[in-house]
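A short worksheet on the structure shown next.
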Amino acid sequence: MIKIVRILRPAFARAYVRIFGGFREKSWLFWEVILPTIFMSSIIFAYENLNAPKVFIGFVVLGTIMMNFWYNVLWGMGSVLYWEKETGNLEVYLLTGSPLPSLLLGMALGGMFNTSVRSIAMILIGVYVFQAEFIPAYLPYAIAIFLLTLFSLYSMGMAFASLHLIYGRKGIRLNEVMGEPISFLSGQYYPINVFPTVIQSIASLMPITIGLDGIRRALILGEGLDTLWIHISILSIMALILFPLGIYIMNRIVEKGRRDGRLILRWI
Amino acid sequence: MDYAIETLHLTREFHTDEGVFKALEDINLKVREGIIFGLLGPNGAGKTTLIRILSTLLLPTSGEAYVDGFDVVKEANKVRKIINLVSGGERPGYGILTTEENLMYYAQIYGLSRREAKERIEEVNRLIGLDEFLHKRLNTLSTGMIQKYALARGLLNKPKILFLDEPTLGLDVENARIIRRLVRRLVDEGLIKTILLTSHYMAEVEELCDYIAIINKGRIIAEGTVEELKNMVSREVIYNIDVKAIETPKLEFLKSIDSVVGYTVRMSNISGEARIRIVMSYEDISRILDTLERNRIKILRIHQDRISLEDVFLKLVGRGLADD
Ligand SMILES: Nc1ncnc2c1ncn2[C@@H]1O[C@H](COP(=O)(O)OP(=O)(O)OP(=O)(O)O)[C@@H](O)[C@H]1O
Ligand SMILES: [Mg+2]
Numbered sequence: 232m233i234k235i236v237r238i239l240r241p242a243f244a245r246a247y248v249r250i251f252g253g254f255r256e257k258s259w260l261f262w263e264v265i266l267p268t269i270f271m272s273s274i275i276f277a278y279e280n281l282n283a284p285k286v287f288i289g290f291v292v293l294g295t296i297m298m299n300f301w302y303n304v305l306w307g308m309g310s311v312l313y314w315e316k317e318t319g320n321l322e323v324y325l326l327t328g329s330p331l332p333s334l335l336l337g338m339a340l341g342g343m344f345n346t347s348v349r350s351i352a353m354i355l356i357g358v359y360v361f362q363a364e365f366i367p368a369y370l371p372y373a374i375a376i377f378l379l380t381l382f383s384l385y386s387m388g389m390a391f392a393s394l395h396l397i398y399g400r401k402g403i404r405l406n407e408v409m410g411e412p413i414s415f416l417s418g419q420y421y422p423i424n425v426f427p428t429v430i431q432s433i434a435s436l437m438p439i440t441i442g443l444d445g446i447r448r449a450l451i452l453g454e455g456l457d458t459l460w461i462h463i464s465i466l467s468i469m470a471l472i473l474f475p476l477g478i479y480i481m482n483r484i485v486e487k488g489r490r491d492g493r494l495i496l497r498w499i
Numbered sequence: 635m636d637y638a639i640e641t642l643h644l645t646r647e648f649h650t651d652e653g654v655f656k657a658l659e660d661i662n663l664k665v666r667e668g669i670i671f672g673l674l675g676p677n678g679a680g681k682t683t684l685i686r687i688l689s690t691l692l693l694p695t696s697g698e699a700y701v702d703g704f705d706v707v708k709e710a711n712k713v714r715k716i717i718n719l720v721s722g723g724e725r726p727g728y729g730i731l732t733t734e735e736n737l738m739y740y741a742q743i744y745g746l747s748r749r750e751a752k753e754r755i756e757e758v759n760r761l762i763g764l765d766e767f768l769h770k771r772l773n774t775l776s777t778g779m780i781q782k783y784a785l786a787r788g789l790l791n792k793p794k795i796l797f798l799d800e801p802t803l804g805l806d807v808e809n810a811r812i813i814r815r816l817v818r819r820l821v822d823e824g825l826i827k828t829i830l831l832t833s834h835y836m837a838e839v840e841e842l843c844d845y846i847a848i849i850n851k852g853r854i855i856a857e858g859t860v861e862e863l864k865n866m867v868s869r870e871v872i873y874n875i876d877v878k879a880i881e882t883p884k885l886e887f888l889k890s891i892d893s894v895v896g897y898t899v900r901m902s903n904i905s906g907e908a909r910i911r912i913v914m915s916y917e918d919i920s921r922i923l924d925t926l927e928r929n930r931i932k933i934l935r936i937h938q939d940r941i942s943l944e945d946v947f948l949k950l951v952g953r954g955l956a957d958d
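So the protein sequences, as listed, match chains Z and Y. In the working numbering, each residue's number is its place in the first sequence (first place is 1) plus 231. In the working numbering, each residue's number is its place in the second sequence (first place is 1) plus 634.
Set out below in structure tokens:
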């Protein structure tokens with residue numbers, strides 16, 4: 232009980248900073264919501280001009296939303312942790328003895344709030360402006376798959392964030408490496424069966440690919456548990472592996488940082 | 635263990651492009667409970683490195699260190715519970731939040747609930763005096779305010795042992811005095827058991843610290859109370875000689891005089907004068923003045939001075955603490 236409080240309090244405190252600090256920047260709505268929504272709309276316009284089948288609109292909306300969550304892991308967790316180090320906040324945080332995963336969870340929750348607001352805007356635009364069609368019958372499965380996927384993504388985020396501590400500014404390259412190719416492979420704007428089987432199987436190793444496929448099947452194709460159980464099982468196994476792995480990698484890197492003296496070394 | 639802080643053969647190396655660099659070498663310190671312990675040394679001496687090891691942010695390469703009896707390597711989490719660290723010139727926190735919100739944030743990181751945090755912030759406020767800027771955003775505070783805020787942050791978890799790394803760095807005389815007075819009060823009133831502070835200001839350490847260790851190039855070269863340290867130069871004779879502006883290198887010739895232990899030069903840009911502070915192993919001022927005159931240095935004033943900590947440093951290291 233006490234332990235949970237020690238984990239959650241710092242996380243909520245950090246999320247509060249992210250969310251309410253964010254509101255104080257008046258441009259928040261523009262950067263966080265309007266701009267990404269315009270970008271998504273431009274993709275949909277392109278599809279419409281090519282007379283793509285209507286299901287593609289829903290594909291694009293869900294794909295964009297999922298990728299947003301992934302980018303939130305990369306930039307909102309990894310790069311933010313780097314800045315926490317540069318400003319000396321990390322040093323002070325580590326002094327408190329609070330677990331580092333709490334800080335990362337706080338950043339993630341804070342970022343997730345923004346991303347959720349953006350996602351809702353995208354769904355509304357998708358449905359009311361572009362007439363995207365979703366089948367709400369299997370929404371609970373979609374939500375379950377979504378949460379499992381998020382859990383895996385944020386577990387991976389812990390490992391990436393700690394790499395940012397060691398590689399400093401070079402970590403931004405890491406984000407690019409982990410961003411574009413994954414967006415490509417996960418089928419952000421198209422179903423991945425456009426790829427040859429080999430690439431499809433590589434792509435399926437990523438939780439985001441499986442999560443996205445599952446959510447699309449539930450909400451667009453109206454498939455139920457008879458196909459989605461595969462997604463749910465694989466994602467559960469991934470979560471069980473990735474979470475401890477993320478914590479392990481992070482602890483190892485922090486330990487290594489304390490040994491090498493790079494943990495709080497600035498300007499790297 | 636009876637010491638607040640104890641180190642045994644503590645060594646820290648860094649691997650740099652030029653090879654292995656020893657930032658700390660065989661440090662053996664014993665810090666009694668209930669005092670302000672000063673670590674005095676020039677830039678790059680290893681002060682921050684030592685504080686980082688003691689505050690568990692950095693691991694030693696070899697040797698041991700104990701804080702309140704806890705091993706900083708094996709019992710890091712126990713150490714973290716009873717310490718805090720405030721670094722001068724740093725401004726951790728979030729610029730977009732107010733002082734109060736930032737303190738609230740850090741209190742919650744320590745696991746306090748919002749209500750507990752509020753009470754704690756009030757206590758700290760009464761002690762330090764934050765009213766003037768409690769509701770101002772952090773990014774609008776002056777350096778003096780930031781330093782008070784940083785000190786307030788350092789007290790949130792009621793640490794038993796507080797590390798202060800150059801707590802008055804960059805502050806003007808008035809603000810530095812305020813901070814020093816606060817630091818003294820913390821220990822006098824028993825709010826903090828033991829403080830270890832680093833500084834490269836002689837006067838600060840002399841005024842504030844009950845016990846001092848002088849560190850240079852990663853090694854402790856002397857330690858003791860102010861009196862004990864000053865006794866190390868009790869037989870020496872010290873003069874301040876004010877001269878018309880000169881360039882420091884031109885004074886090299888002073889070194890060849892037998893009686894000269896060391897000297898420092900301080901320029902005054904405003905008056906165009908320079909003050910040579912010279913430590914001699916015996917009274918030999920006439921010889922010095924002769925030599926200065928022979929080298930066409932115009933002497934304005936001479937007076938004998940009492941020993942300061944700086945002279946101890948000068949004697950031990952052969953150069954002034956403030957010299958490059
Ligand atoms: N992470 C690191 N990697 C490599 N060298 C380091 C690292 N940290 C410190 N050093 C080196 O160790 C030496 C001691 O540094 P330290 O910061 O402890 O000195 P200091 O006494 O605090 O100096 P200052 O008064 O300038 O703050 C310096 O030469 C510094 O360059
Ligand atoms: Mg330092």
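Even for Gly, the Cβ is constructed at its ideal location relative to N, Cα and C.
Within the present structure, is the beta-carbon of residue i separated from the nearest heavy atom of ligand 2 by less than 8 Å?
i: D876/Y; result: no
Can you tell me where the alpha helix (DSSP H) holding residue i begins and where it ends?
i: V720/Y; result: No alpha helix (DSSP H) contains V720/Y, which is instead part of the beta strand (DSSP E) from I717 to S721.
i: L684/Y; result: K681 to L688
i: N482/Z; result: L456 to D491
i: Q781/Y; result: T777 to L789
i: Y739/Y; result: T733 to I743
i: D945/Y; result: L943 to V951
Does residue i come within less than 9 Å of chain Y when only Cβ atoms are used?
i: P422/Z; result: no
i: G319/Z; result: yes
i: P427/Z; result: no
i: S329/Z; result: yes
i: P284/Z; result: no
i: G399/Z; result: no
i: A392/Z; result: no
Answer yes or no: does any C-beta atom of chain Z fall closer than 9 Å to that of residue i?
i: Q742/Y; result: yes
i: G804/Y; result: no
i: Y783/Y; result: no
i: M779/Y; result: no
i: Y700/Y; result: no
i: I639/Y; result: no
i: D958/Y; result: Legend: pLDDT at D958/Y = 48, less than 50; position of this residue unreliable, value from coordinates given subsequently. Taking Cβ atoms only, chain Z never reaches closer than 9 Å to D958/Y, which makes this a no.
i: M836/Y; result: no
i: G703/Y; result: no
i: N791/Y; result: yes
How is the beta strand (DSSP E) around residue i delimited, first residue to last?
i: V654/Y; result: G653 to I661
i: I854/Y; result: R853 to G858
i: E698/Y; result: S696 to V701
i: V894/Y; result: V894 to S902
i: H643/Y; result: I639 to T650
Taking 8 Å as the cut-off, is the CB of residue i close to at least one heavy atom of ligand 3?
i: R493/Z; result: Looking for ligand 3 in the displayed structure turns up nothing; the ligands present are ligand 1 and ligand 2.
Compute every distance between the C-beta of residue i and the non-hydrogen atoms of ligand 1, then say whether any falls below 8 Å.
i: T650/Y; result: yes
i: A741/Y; result: no
i: I959/Y; result: Shown here, chain Y extends from 635 to 958; a query on residue 959/Y therefore has no answer.
i: N677/Y; result: yes
i: F947/Y; result: no
i: G672/Y; result: no
i: H937/Y; result: no
i: A810/Y; result: no
i: G954/Y; result: no
i: A657/Y; result: yes
i: L684/Y; result: yes
i: L496/Z; result: yes
i: G852/Y; result: yes
i: H834/Y; result: yes
By a C-beta neighbour count over all protein chains shown, 10 Å radius and 16 as the cutoff for buried, is residue i buried or exposed?
i: D457/Z; result: exposed
i: S273/Z; result: exposed
i: R928/Y; result: exposed
i: S417/Z; result: buried
i: A908/Y; result: buried
i: W301/Z; result: buried
i: L805/Y; result: buried
i: S833/Y; result: buried
Counting by C-beta, which residues lie closer than 7 Å to a heavy atom of ligand 2, in chain order? K681/Y, T682/Y, D799/Y, E800/Y and T832/Y
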